[in-house]
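Reviewing the structure listed below.
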Amino acid sequence: MRRRRFLDAAAAAGMIGLAGCSGESDRDGAATDSPSDTAETGQETSSARRRQTTATESAPAGPDFVWAEQKIWRDERVRENLFAFAARHDLVVVIAKADADADDLPALEKPLAAAARHGTEVWLNVGVLKQLTPSEFVGDGAKRRRHLDGLEAVVRRYRDFFPTGRIVLWQEAPVGGRWNEDGTWNDRAVENLERLGPRIFAAQKRRVENVAPNVDVGIFVHFPYIVDGKQPETFETLTADLKSRGALPDFTFTDFYRGWYAKDVGPGPANAAVRSLVTNARELTDDRPVSYLGEPHTINPQYTPSRQAMWMDLRAALGAGAEGVGWYARTAYKETKHGFDPFVPNVGPAARDGPRASTLTFARDRYQYAYAALRAKRDSDMAGGRGASERRFDLWLAGSEFDFYEHRLSLRTRAGEWQFVGDFDGYVDGDYPYGDGSDQVSIFRGLSRERFDRDGSLEVAVETASDSDGARLDAVLAMPEDVSTYLAEPAATELYGSRTDVHEFGVGHERVNTRLAAGDSRRFGVELGEPQRPLDELVFPDHRTQRERLGRLESRDRFDPDDYFDLWVSTETTTEDGSESGSIEELGLVGDDGRKPLSEASTAVSTADGGAVWYGIDRSDLANRDGSITVEVTGDARELVTGVYAMPYAGTVTFRPAAEAMELLETDRASARTFAIAHEEE
Numbered sequence: 001m002r003r004r005r006f007l008d009a010a011a012a013a014g015m016i017g018l019a020g021c022s023g024e025s026d027r028d029g030a031a032t033d034s035p036s037d038t039a040e041t042g043q044e045t046s047s048a049r050r051r052q053t054t055a056t057e058s059a060p061a062g063p064d065f066v067w068a069e070q071k072i073w074r075d076e077r078v079r080e081n082l083f084a085f086a087a088r089h090d091l092v093v094v095i096a097k098a099d100a101d102a103d104d105l106p107a108l109e110k111p112l113a114a115a116a117r118h119g120t121e122v123w124l125n126v127g128v129l130k131q132l133t134p135s136e137f138v139g140d141g142a143k144r145r146r147h148l149d150g151l152e153a154v155v156r157r158y159r160d161f162f163p164t165g166r167i168v169l170w171q172e173a174p175v176g177g178r179w180n181e182d183g184t185w186n187d188r189a190v191e192n193l194e195r196l197g198p199r200i201f202a203a204q205k206r207r208v209e210n211v212a213p214n215v216d217v218g219i220f221v222h223f224p225y226i227v228d229g230k231q232p233e234t235f236e237t238l239t240a241d242l243k244s245r246g247a248l249p250d251f252t253f254t255d256f257y258r259g260w261y262a263k264d265v266g267p268g269p270a271n272a273a274v275r276s277l278v279t280n281a282r283e284l285t286d287d288r289p290v291s292y293l294g295e296p297h298t299i300n301p302q303y304t305p306s307r308q309a310m311w312m313d314l315r316a317a318l319g320a321g322a323e324g325v326g327w328y329a330r331t332a333y334k335e336t337k338h339g340f341d342p343f344v345p346n347v348g349p350a351a352r353d354g355p356r357a358s359t360l361t362f363a364r365d366r367y368q369y370a371y372a373a374l375r376a377k378r379d380s381d382m383a384g385g386r387g388a389s390e391r392r393f394d395l396w397l398a399g400s401e402f403d404f405y406e407h408r409l410s411l412r413t414r415a416g417e418w419q420f421v422g423d424f425d426g427y428v429d430g431d432y433p434y435g436d437g438s439d440q441v442s443i444f445r446g447l448s449r450e451r452f453d454r455d456g457s458l459e460v461a462v463e464t465a466s467d468s469d470g471a472r473l474d475a476v477l478a479m480p481e482d483v484s485t486y487l488a489e490p491a492a493t494e495l496y497g498s499r500t501d502v503h504e505f506g507v508g509h510e511r512v513n514t515r516l517a518a519g520d521s522r523r524f525g526v527e528l529g530e531p532q533r534p535l536d537e538l539v540f541p542d543h544r545t546q547r548e549r550l551g552r553l554e555s556r557d558r559f560d561p562d563d564y565f566d567l568w569v570s571t572e573t574t575t576e577d578g579s580e581s582g583s584i585e586e587l588g589l590v591g592d593d594g595r596k597p598l599s600e601a602s603t604a605v606s607t608a609d610g611g612a613v614w615y616g617i618d619r620s621d622l623a624n625r626d627g628s629i630t631v632e633v634t635g636d637a638r639e640l641v642t643g644v645y646a647m648p649y650a651g652t653v654t655f656r657p658a659a660e661a662m663e664l665l666e667t668d669r670a671s672a673r674t675f676a677i678a679h680e681e682e
């Protein structure tokens with residue numbers, strides 16, 4: 001659904017100004033005339049009326065989304081931060097309330113009204129059988145009617161807010177809900193899904209369509225019953241029966257957390273699983289849309305994804321034809337114990353279960369990175385380049401003693417309205433090993449220069465909570481958004497504290513040096529311009545040449561990262577007799593057609609103590625005539641080599657200098673073997 005359709009329909013239904021019905025004010029959400037403006041219950045402010053006009057004239061929303069579990073959407077502050085994030089990035093919010101019925105309407109109206117205020121679309125995930133079994137649904141008319149009546153009540157209210165939205169029925173069926181008498185996930189549950197699922201879904205879909213004919217109805221089945229190599233015949237059986245009943249889903253919602261595969265068999269099978277998941281779901285529903293929910297979180301085996309893993313998810317899902325992508329925000333904290341190069345790992349007791357704990361708040365940088373990557377991927381695919389990302393910026397707030405959600409950030413738009421951006425600090429309280437100092441940089445990413453650049457300046461407002469212990473804000477910086485130079489907040493804090501020239505890499509900088517006292521409000525102006533120096537000079541000062549060469553490779557027509565690999569080679573510094581040996585840069589790659597110098601085979605090289613990385617080698621150099629994949633190097637320095645690893649191509653977006661690669665090999669060589677396409681060790 002396009003944003004224009006949603007806002008036109010919502011305005012006609014009188015839903016945009018419904019902040020009062022949930023007891024919340026404009027201060028908790030969308031744009032206002034001042035950062036502290038509020039609206040009385042039942043009243044519509046002039047700024048709200050203006051919002052209807054400006055939002056209706058905005059660009060259509062995309063199909064990408066955020067997923068909000070109950071723990072997230074029930075907490076007012078977490079909800080408002082997530083919805084503000086979704087609205088400014090044109091993301092749908094999926095509200096999960098698996099077995100919602102009429103009794104849940106008061107609770108559900110709060111996020112629905114909040115979304116309408118923010119101008120973002122909501123989908124509902126409902127229809128999960130928790131109070132009855134499939135047999136009871138089919139065989140007990142009273143229980144079936146009670147379930148369908150409850151579903152209808154929820155859909156009616158949803159329709160009032162979103163007349164042309166989407167309803168996602170079920171949740172990882174047959175895992176979610178009571179698909180057998182004791183509610184366990186087993187063969188009996190799968191049998192009931194295949195045998196009785198079509199009758200259940202068809203009845204639910206008819207009931208939704210009767211009261212909300214313009215709302216699409218989709219299905220959410222657990223991935224093993226769709227992907228190749230598991231049990232895809234289940235989804236085939238299900239959809240064939242639904243098609244015969246005239247009840248084929250309007251779309252399919254899917255999820256797959258690649259760590260379950262990658263931890264044991266590496267990224268290749270995980271990529272294949274994502275592709276088959278999306279392809280099978282699309283083809284078995286007559287090419288209807290597929291939404292894909294990926295993994296930025298730490299899964300139960302305590303496996304945390306890398307930046308490269310998230311990019312692989314994006315490429316595989318969108319390459320297979322997924323309409324939209326989102327990232328799961330888990331509400332349970334799992335310590336990271338596994339993963340190859342996990343990005344911002346969950347370390348030790350950094351955060352505990354609590355009402356505000358989720359990937360959003362205890363792994364903020366990882367969650368934000370996933371969506372920054374999604375924006376960059378969409379930019380590249382839609383515009384054929386980085387034009388859109390060059391019109392966005394990241395806002396750095398540098399200071400000390402920031403506490404969780406104690407300071408509210410708003411920016412004034414070109415239209416003159418104040419728009420709530422988010423609360424800082426964004427990390428839930430905890431003993432984080434990478435945030436052990438009082439100095440902090442809190443970052444709000446991907447902000448639109450077209451929206452917030454007011455004739456070359458940025459107007460910033462910060463409100464501090466009345467119960468705050470206070471904090472200090474030293475500077476406000478506007479930095480170019482570039483996912484290939486993405487800095488997590490701890491890394492940004494370290495850089496800002498160790499260098500005096502960080503502002504030279506930004507598009508704006510204002511040193512404010514002010515105390516943020518409890519109950520106070522502060523406003524600042526930041527002059528905007530162009531960077532004096534490129535951002536990769538700050539983040540990769542010793543590898544700009546390598547990155548430029550890789551950038552030229554990636555700019556070629558029909559470039560595909562899967563056609564290339566990187567070669568990691570670890571070495572000793574001397575031979576067994578203690579003498580120096582030849583340069584490892586003179587090593588060659590051995591294939592069926594002989595030796596090819598790595599200097600010729602690769603696009604660029606980085607060296608460090610203990611090894612080197614050759615980037616951008618054609619993957620055909622790994623293939624043998626018998627179809628096998630092997631890697632072997634030769635040369636005068638071969639006796640120094642301790643390991644050779646053909647790794648998936650990282651490229652500019654997840655570039656690793658050789659020093660980082662060698663450190664990874666030193667600390668977790670076993671995971672490197674699993675991650676590698678092929679490897680050879682002494």
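All residue numbers for the sequence shown refer to full-length UniProt numbering, where the first residue is 1 and numbers rise by one.
Positions of the beta carbon are idealized from the N, C-alpha and C atoms, including for glycine.
Computed from a predicted model, the values in this text were never measured in an experiment.
Residue i to residue j, Cα distance in whole Å?
| i | j | result |
| --- | --- | --- |
| residue 295 | residue 636 | 44 Å |
| residue 526 | residue 394 | 13 Å |
| residue 190 | residue 151 | 23 Å |
| residue 45 | residue 293 | Residue confidence is low: residue 45 scores 31 on pLDDT, short of 50, so the model does not pin down where it sits. No coordinate-derived value is stated. |
| residue 640 | residue 600 | 21 Å |
| residue 359 | residue 367 | 6 Å |
| residue 121 | residue 434 | 36 Å |
| residue 658 | residue 485 | 16 Å |
| residue 457 | residue 509 | 10 Å |
| residue 222 | residue 438 | 44 Å |
| residue 372 | residue 572 | 38 Å |
| residue 615 | residue 208 | 53 Å |
| residue 39 | residue 162 | Any answer about residue 39 is weak, because its pLDDT of 33 lies below 50 and its placement is not dependable; what the coordinates show is given next. Distance between the alpha carbons of residue 39 and residue 162: 22 Å. |
| residue 624 | residue 563 | 15 Å |
| residue 244 | residue 453 | 55 Å |
| residue 69 | residue 216 | 21 Å |
| residue 147 | residue 199 | 14 Å |
| residue 267 | residue 558 | 22 Å |
Could you pull the start and end residues of the alpha helix (DSSP H) that residue i belongs to?
| i | result |
| --- | --- |
| residue 107 | 105–118 |
| residue 492 | 489–498 |
| residue 88 | 76–88 |
| residue 533 | Here residue 533 belongs to no alpha helix (DSSP H), and DSSP marks it neither H nor E. |
| residue 556 | No alpha helix (DSSP H) holds residue 556; DSSP gives it neither H nor E. |
| residue 137 | 134–139 |
Less than 8 Å between the CB atoms is what I'm expecting for residue i and residue j, so what's the real figure, rounded?
| i | j | result |
| --- | --- | --- |
| residue 649 | residue 540 | 17 Å between Cβ atoms; not a contact. |
| residue 471 | residue 362 | Not a contact, Cβ separation roughly 20 Å. |
| residue 414 | residue 451 | 6 Å |
| residue 124 | residue 167 | 5 Å |
May I ask you to check if the CB of residue i is nearer than 6 Å to at least one heavy atom of the ligand ADP?
| i | result |
| --- | --- |
| residue 309 | As far as ligands go, the structure on display features none, and thus does not contain the ligand ADP. |
Grab the span of the beta strand (DSSP E) containing residue i for me, first residue to last.
| i | result |
| --- | --- |
| residue 399 | 392–400 |
| residue 527 | 521–527 |
| residue 508 | 508–516 |
| residue 252 | 251–255 |
| residue 360 | Per DSSP, residue 360 belongs to no beta strand (DSSP E); it is in the alpha helix (DSSP H), 359–362. |
| residue 125 | 122–126 |
| residue 570 | 564–571 |
| residue 95 | 92–96 |
| residue 347 | Per DSSP, residue 347 belongs to no beta strand (DSSP E) and is neither H nor E. |
| residue 680 | 678–681 |
| residue 66 | 65–68 |
Ordered list of alpha helix (DSSP H) runs contained in the stretch 591–673, each at least 4 residues: 598–601 and 658–667
Pick out the complete beta strand (DSSP E) segments inside the stretch 161–236, 3 residues or longer, and give them in chain order. 166–173 and 216–221
At a cut of 8 Å, does the stretch 320–337 reach the stretch 286–300 through at least three beta carbon pairs? yes
Which runs of the beta strand (DSSP E) at least 3 residues long sit entirely within the stretch 257–317? Give them in chain order. Unbroken beta strand (DSSP E) runs of no fewer than 3 residues, entirely contained in the stretch 257–317, are found at 290–294, following chain order.
Quick test of the definition: if touching needs 3 or more C-beta pairs under 8 Å, does the stretch 277–287 touch the stretch 613–629? no
Pairing CB atoms from the stretch 541–551 with CB atoms from the stretch 461–480, are three or more of them under 8 Å? no
Three or more beta-carbon pairs under 8 Å between the stretch 608–616 and the stretch 662–677, yes or no? yes
I want to know whether the stretch 337–345 touches the stretch 298–318 - three or more CB-CB distances under 8 Å. Enough Cβ pairs lie closer than 8 Å, so yes.
Under 8 Å, with one C-beta from each stretch per pair, do the stretch 662–681 and the stretch 582–600 reach the 3-pair mark? no
Which whole runs of the beta strand (DSSP E) in the stretch 404–483 are 3 residues long or more, in chain order? 407–412, 418–424, 439–448, 457–464 and 471–480
Pairing CB atoms from the stretch 116–136 with CB atoms from the stretch 398–412, are three or more of them under 8 Å? no
Could you tell me whether the stretch 507–522 touches the stretch 461–469, where touching means 3 or more Cβ pairs closer than 8 Å? yes
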